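S.K.: Quick one: structure below, then a few questions.
2 protein chains.
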Amino acid sequence: MTAPTRRTGATILEVARDAGVSKTSVSRYFGDERSRLSPDLQRRIAASAGRLGYRPNRIARGLKGGQSGLIGMLVADIRNPFSVAVMHGIEQACRAHGFSLMVCNTDNDPVQERDHLALLASYRVEGLVLNVAGHPGEELAALADRDTPLVLLDRSLGELEADMVGLDNDRAIDAALDHLHGQGYGELLYVSEPPERASSRQRRLERFRARLDAEGLTGDACCLPLDDTPALEHAIADFLDRPATAPRALLCANGNVTLAVMRVLQARGDTLGTTGLMGIDELDWCGLVGPGITTLAQPTEAIGRAAMDSLLERLTDTRRPPRQVRFSPTLIARGSTRR
Amino acid sequence: MTAPTRRTGATILEVARDAGVSKTSVSRYFGDERSRLSPDLQRRIAASAGRLGYRPNRIARGLKGGQSGLIGMLVADIRNPFSVAVMHGIEQACRAHGFSLMVCNTDNDPVQERDHLALLASYRVEGLVLNVAGHPGEELAALADRDTPLVLLDRSLGELEADMVGLDNDRAIDAALDHLHGQGYGELLYVSEPPERASSRQRRLERFRARLDAEGLTGDACCLPLDDTPALEHAIADFLDRPATAPRALLCANGNVTLAVMRVLQARGDTLGTTGLMGIDELDWCGLVGPGITTLAQPTEAIGRAAMDSLLERLTDTRRPPRQVRFSPTLIARGSTRR
DNA sequence: AGGAAAAATGGGAACGTTCCCAACGTTAGT
DNA sequence: ACTAACGTTGGGAACGTTCCCATTTTTCCT
Chain P
16 MTAPTRRTGA TILEVARDAG VSKTSVSRYF GDERSRLSPD LQRRIAASAG
66 RLGYRPNRIA RGLKGGQSGL IGMLVADIRN PFSVAVMHGI EQACRAHGFS
116 LMVCNTDNDP VQERDHLALL ASYRVEGLVL NVAGHPGEEL AALADRDTPL
166 VLLDRSLGEL EADMVGLDND RAIDAALDHL HGQGYGELLY VSEPPERASS
216 RQRRLERFRA RLDAEGLTGD ACCLPLDDTP ALEHAIADFL DRPATAPRAL
266 LCANGNVTLA VMRVLQARGD TLGTTGLMGI DELDWCGLVG PGITTLAQPT
316 EAIGRAAMDS LLERLTDTRR PPRQVRFSPT LIARGSTRR
Chain W
16 MTAPTRRTGA TILEVARDAG VSKTSVSRYF GDERSRLSPD LQRRIAASAG
66 RLGYRPNRIA RGLKGGQSGL IGMLVADIRN PFSVAVMHGI EQACRAHGFS
116 LMVCNTDNDP VQERDHLALL ASYRVEGLVL NVAGHPGEEL AALADRDTPL
166 VLLDRSLGEL EADMVGLDND RAIDAALDHL HGQGYGELLY VSEPPERASS
216 RQRRLERFRA RLDAEGLTGD ACCLPLDDTP ALEHAIADFL DRPATAPRAL
266 LCANGNVTLA VMRVLQARGD TLGTTGLMGI DELDWCGLVG PGITTLAQPT
316 EAIGRAAMDS LLERLTDTRR PPRQVRFSPT LIARGSTRR
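First to last, the sequence lines map onto chains P and W. So for the first sequence, our numbering puts the first residue at 16; every next one is plus one. So for the second sequence, our numbering puts the first residue at 16; every next one is plus one.
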């Protein structure tokens with residue numbers, strides 16, 4: 016009855032009136048010029064703001080200063096644990112620097128990609144982290160024109176001049192092959208999703224083939240969309256059921272592949288270890304399946320932080336030449352590569 | 016050289032000038048009143064906007080209309096696949112209704128919870144999905160005062176009058192017990208995270224105890240923080256290593272518990288099935304571990320959509336009494352409950 | 001054909017902030 | 001004591017929209 020119900024929060028002007036000061040002073044109090052105010056003013060403003068329940072309106076602030084305080088992130092597949100882990104690192108870093116993260120998931124759909132990019136642009140994000148397959152496109156060009164800092168996650172995008180952060184793919188493939196070779200596996204099958212639209216996948220695949228050639232190892236690579244289970248079953252059967260001269264192992268290009276391959280192996284009844292299995296990306300459950308699945312773990316938090324660092328740097332220095340940051344994977348050896 | 020570099024996108028005013036129309040007309044064109052414009056105007060505006068690369072500034076729009084176009088979501092643990100799955104559903108629904116989702120992860124930290132809530136408030140989100148442990152607090156009260164629609168995900172929060180969407184916990188526990196009982200397990204251990212701050216956990220625990228009493232089953236419940244592995248090991252050993260009169264099974268209160276418990280069982284060398292294991296929440300890998308882990312799957316997408324529906328409804332009708340939507344789980348029976 | 005209603009268009013204020021600049025009060029140097 | 005310099009404080013414009021209202025043009029009815 017007595018308490019006035021407000022439909023919207025108090026404004027800076029109401030606080031100013033209540034405290035008997037100017038709106039400029041209130042603005043200073045909530046900005047980073049609080050120290051310029053006399054103790055007396057500070058006290059009065061704090062009191063009024065508290066009483067009125069005032070919260071600065073970041074939308075209004077963003078309009079005037081052109082600073083939205085937002086970092087955008089475009090993720091191809093939010094259900095991929097790797098993406099989530101990196102996103103977590105980015106969010107932490109954002110928080111530490113006073114930014115907020117706005118995440119959009121595209122479900123690998125070019126249309127959503129374009130729409131969400133337009134959306135992020137319309138919110139005037141101050142930086143953008145991209146983890147998508149699509150081509151630059153005009154939406155992205157518009158953003159780039161506006162000098163919005165850009166970081167590519169785990170993939171480089173054609174001509175686009177931008178920073179990029181990700182795994183050292185060559186080193187990862189090397190580490191995997193060295194490990195498998197050291198464990199005595201002589202015939203290898205590399206399983207990947209189609210690499211056309213993701214540079215990382217291409218790079219891993221190339222490196223795999225190159226090393227195979229260089230060292231005269233027997234092996235093959237197959238690239239399949241993961242939703243085509245029969246094709247995957249067929250490819251694996253092809254590899255595992257033919258006569259062999261040496262122990263065989265499968266190398267999975269990422270966590271999703273590991274999951275799909277593991278399901279096929281289970282259905283077939285193969286024994287891990289006898290059939291070697293190794294995956295890039297560490298997942299919660301890799302230690303739980305059979306004797307454990309050997310993986311190469313990516314330093315996801317570090318990747319996230321590095322991405323954010325790149326953005327921040329470029330925010331202050333637009334002209335810095337594009338840079339690549341590559342992290343080394345960590346080998347987690349388990350029973351799936353022990354014979 | 017010739018192309019003028021713009022640091023920021025064109026404004027509505029520039030487009031208007033370029034097209035020789037008023038800013039109002041341009042505003043109408045990009046708003047939902049396009050049909051009110053003559054074909055001629057529409058053509059000119061489209062041309063100018065295209066040439067100038069104009070994108071409506073949602074920040075400015077939000078300021079004037081008080082419509083941020085943003086839905087906020089506060090997640091206790093973004094690395095929990097269940098949360099991500101629900102979030103995915105919500106994002107889809109947002110998209111379908113012209114909203115964007117702003118997700119904040121709190122890492123179960125009350126401080127971050129408070130900060131992020133203030134943040135979302137400062138962006139004037141038009142709706143809020145909460146999946147956190149904390150108590151309402153003044154930040155939340157401020158939001159509620161402003162008539163911001165609120166949906167609680169998987170937990171109700173004290174006195175807070177808000178909609179809530181989640182699993183039908185009673186039915187889930189019933190289904191679990193029926194299944195375990197039907198499979199011949201006579202002694203049960205229910206493993207949960209501490210229930211103090213999450214109503215769902217409480218409810219499941221209560222129901223478990225109630226049914227135990229009602230049916231004279233032997234069983235026990237233990238509540239432990241998951242980062243305390245030794246305690247969990249101890250509790251499980253306590254249960255499994257004492258003499259028993261009937262087959263024993265563990266029931267895990269959620270996906271995180273399932274993971275932690277499974278790790279302990281693996282370290283102990285127990286055989287799934289002989290030792291029964293069942294979990295609430297279906298996870299990617301539940302079919303891969305040993306003979307497979309029996310789970311109760313939650314309809315995550317549906318939960319997400321329902322949450323969004325609640326928000327939208329309340330956006331139009333502030334006075335509707337709070338409502339609870341409860342979904343039934345789906346039993347996925349696997350080898351871990353087959354003796 | 002005359003006028004009223006309907007449709008199309010434009011001008012200006014407002015949203016809540018920040019920031020530039022001006023005005024005031026105080027201190028200190030000569 | 002007079003002025004220069006500085007520290008505080010306030011007024012007003014601007015940010016890019018939307019929306020109310022006024023104005024002009026078209027349509028249509030009798």
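Here a beta-carbon is modelled for each residue, glycine too, at the ideal position from N, C-alpha and C. Every value quoted in this text rests on a predicted model; they were computed, and no experiment measured them.
Between the beta-carbon of W:A166 and the beta-carbon of W:G87, is there less than 8 Å?
M.R.: Before going on, a small fix: residue 166 of chain W reads as Val here, not Ala. No, the Cβ-Cβ distance between W:V166 and W:G87 is not below 8 Å.
S.K.: Determine the closest residue to W:V272 out of W:A25, W:N95, W:R70 and W:D47, with distance taken between C-alpha atoms.
M.R.: W:N95
S.K.: Which residues in chain P sit within 8 Å of W:V147, going by Cβ to Cβ distance?
M.R.: Within chain P, no residue comes near W:V147; the closest Cβ sits about 15 Å away, beyond 8 Å.
S.K.: Hey, quick one: how far does the alpha helix (DSSP H) through W:D299 stretch, first residue to last?
M.R.: No alpha helix (DSSP H) holds W:D299; DSSP gives it neither H nor E.
S.K.: May I have the straight-line CA-CA distance separating P:A275 from W:V36, to the nearest angstrom?
M.R.: 57 Å
S.K.: Kindly list the residues whose CB is nearer than 7 Å to the CB of W:R51, restricted to its own chain and excluding five residues on each side of it in sequence; keep chain order.
M.R.: R43
S.K.: Out of curiosity, what's the CA-to-CA distance linking P:D55 and W:R70?
M.R.: 45 Å
S.K.: How should P:T331 be labelled, buried or exposed, when 16 other C-beta atoms within 10 angstroms of its C-beta is the threshold for buried?
M.R.: Exposure of P:T331 is indicated by the presence of fewer than 16 other C-beta atoms within 10 angstroms of its C-beta.
S.K.: Determine the DSSP secondary structure at W:N146, reduced to helix, strand or coil.
M.R.: In the structure shown, W:N146 falls within a strand segment according to DSSP collapsed to helix, strand and coil.
S.K.: Determine the direct distance from the alpha carbon of P:G68 to that of P:A61, and round the result to whole angstroms.
M.R.: 10 Å
S.K.: Indicate whether P:R66 and P:A148 have their beta-carbon atoms separated by less than 8 Å.
M.R.: The Cβ-Cβ distance between P:R66 and P:A148 does not fall below 8 Å.
S.K.: Within 10 angstroms of the Cβ of W:A225, are there 16 or more other Cβ atoms? Answer buried if so, exposed if not.
M.R.: exposed
S.K.: Verify the CB distance criterion: does W:G113 have a CB-CB separation below 8 Å to chain P?
M.R.: Contacts with chain P at 8 Å (Cβ-Cβ) do not include W:G113.
S.K.: How about P:E72 and P:D92: do their beta carbons lie closer than 8 Å?
M.R.: According to the sequence displayed, residue 72 of chain P carries Asn and not Glu. Not a contact, by the Cβ cut-off of 8 Å.
S.K.: Alpha helix (DSSP H) containing P:G284: first to last residue?
M.R.: Looking at the DSSP string, P:G284 is not in any alpha helix (DSSP H), and its letter there is neither H nor E.
S.K.: Helix, strand or coil for P:A264 per DSSP?
M.R.: strand
S.K.: Identify the residues that DSSP records as bridge partners of W:T309: which are they?
M.R.: W:M293
S.K.: Could you list the residues in the stretch 31–46 of chain W with a C-beta less than 7 Å from some C-beta on chain P, going in chain order?
M.R.: Within the stretch 31–46 of chain W, no residue qualifies.
S.K.: Give me the Cα-Cα distance between P:I74 and P:L143, rounded to the nearest whole angstrom.
M.R.: Cα to Cα, the separation comes out at about 19 Å.
S.K.: I think P:T289 touches P:G201, with their Cβ atoms under 8 Å apart; what is that distance to the nearest whole Å?
M.R.: Wrong, their Cβ atoms sit about 14 Å apart, outside the cutoff.
S.K.: For P:I251, which residues in chain W fall below 8 Å Cβ to Cβ?
M.R.: Within 8 Å Cβ-Cβ: nothing; P:I251 doesn't reach chain W, min ~15 Å.
S.K.: In this structure, does DSSP put P:A100 in helix, strand or coil?
M.R.: helix
S.K.: DSSP three-state label for W:T315, please.
M.R.: In the structure shown, W:T315 sits in a helix (DSSP, three-state: H, G or I).
S.K.: Is there at least one Cβ from chain P nearer than 8 Å to W:A133's Cβ?
M.R.: Closer than 8 Å to some Cβ of chain P, the Cβ of W:A133 qualifies, so yes.
S.K.: Verify the CB distance criterion: does P:L78 have a CB-CB separation below 8 Å to chain W?
M.R.: Chain W contact via Cβ: present.
S.K.: How far does the alpha helix (DSSP H) with W:A259 in it reach, from first residue to last?
M.R.: Premise fails: W:A259 is in no alpha helix (DSSP H) and is neither H nor E.
S.K.: Within the stretch 181–247 of chain P, note down every full beta strand (DSSP E) run reaching 3 residues or more, in order along the chain.
M.R.: 202–207 and 233–238
S.K.: How would you label P:D256, buried or exposed, when you count the other beta carbons within 10 angstroms and need 16 or more for buried?
M.R.: Counting the other CB atoms within 10 Å of its CB gives P:D256 a total below 16, which places it among the exposed residues.
S.K.: At least one CB of chain P closer than 8 Å to the CB of W:Y205: is that the case?
M.R.: no
S.K.: I'd like to know whether the C-beta atoms of W:T286 and W:T352 end up nearer to each other than 8 Å.
M.R.: no
S.K.: Tell me whether P:L89 sits in a helix, a strand or coil according to DSSP, three-state version.
M.R.: Strand.
S.K.: Leaving out five residues before and five after P:R120 in sequence, what residues of the same chain have Cβ atoms less than 6 Å from its Cβ?
M.R.: Here residue 120 of chain P is Asn; the residue named in the question, Arg, does not match the sequence. So the qualifying residues of the chain are V90 and I93.
S.K.: Looking at the unbroken alpha helix (DSSP H) that takes in W:T39, where does it start and where does it end?
M.R.: K38 to F45
S.K.: For P:R49, does the three-state DSSP call read helix, strand or coil?
M.R.: Here P:R49 sits in helix by DSSP.
S.K.: Quick one: what does DSSP say P:F342 is sitting in, helix, strand or coil?
M.R.: strand
S.K.: Using beta carbons (cut-off 8 Å, strictly below), is W:V118 in contact with chain P?
M.R.: yes
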